[in-house]
Structure formats: C-alpha cells, structure tokens
Amino acid sequence: MNIDLTTPALLFSTISLLLLAYTNRFLALATVIRTLHREYQKTPDPVAAAQIANLRLRVNLIRDMQTLGVASLLSCTVCMGLLFAGMVFLGKVVFAISLALMVGSLTISLIEIRMSIGALNLQLSDMEK
C-alpha cells in the first residue's frame, strides 16, 4: 500500500465534522438533562428518572466517542509527522491505529443513536396507558 501525506490529511475534515456533531449531541443532551432534572425535583416522576438514567449513559457514550475521535485526529497528525520525516512503515502503523480509533468512535456513535430510541419510547410510554 502506498501512503503519502495526503492520505491521513483526508481524514481531518471528516474527523472534525464528526467531533462537531458529537459536541452538538452532547450539548443537546445536557440541556435535556438539566430540564428533566429541574422538573424531577419539583415533581418526582418514574418516567423522568428512567429518562435521566438513559441520558446519563448516553452522555458517557458521547464522551467516549469524542475521546476516540480526538485520539484518531491526534494519530493522523502523528502519522503525517512520521511520513514527513520519512518513517513510512511507522506512519502506516499509526495510520492504521487512527483508522481503528475512528471505527471505535463510529461504533459507539451507532450504539448511542440506537439508545436514543429508548429515551423516546420512555417519553411516549405515558400515552400508551
């Protein structure tokens, strides 16, 4: 496989956009958690408590997604430095690690997205009664 400086550079825009999307999800969930927490303190509700538990887990997953995404971006940067220095084999290894980190981040993202359906089902559960 041939690899040059442009190969890891291709991931920069993708990783940056993913990190922005992850941050937006985090901020949206933080707002929902704060609102639910305020409502729960006024009037305890088992559905709100279950939603908060679901949201807490999802926020932790987003933290892990962001961590792996940042590690992937950092690995890409190191890879480019290694390639620039002429250490092609080591650059390929670090690039492979970067790709693995990105796959991990995307996998956790998929899990978190699937969990978001659980939160919506909890919200709608009172309508089924």
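Be aware that the sequence shown starts at 19, since it is given in this note's numbering, and climbs by one per residue.
Using N, Cα and C, we set each Cβ at its ideal position, and we do this for glycine too.
- Taken atom to atom, the span from the alpha-carbon of isoleucine 33 to that of phenylalanine 113 is near 13 Å.
- By the Cβ-count criterion, isoleucine 131 is exposed, with fewer than 16 other Cβ atoms from all chains shown falling within 10 Å of its own Cβ.
- Each residue's CA atom was taken as its position, placing leucine 142 and alanine 66 some 11 Å apart.
- Per DSSP, the continuous alpha helix (DSSP H) segment holding isoleucine 115 begins and ends at 106-142.
- Close CB contacts of histidine 55 within its chain, under the 8 Å cut and outside five residues either way in sequence, are with Ile70 (chain order).
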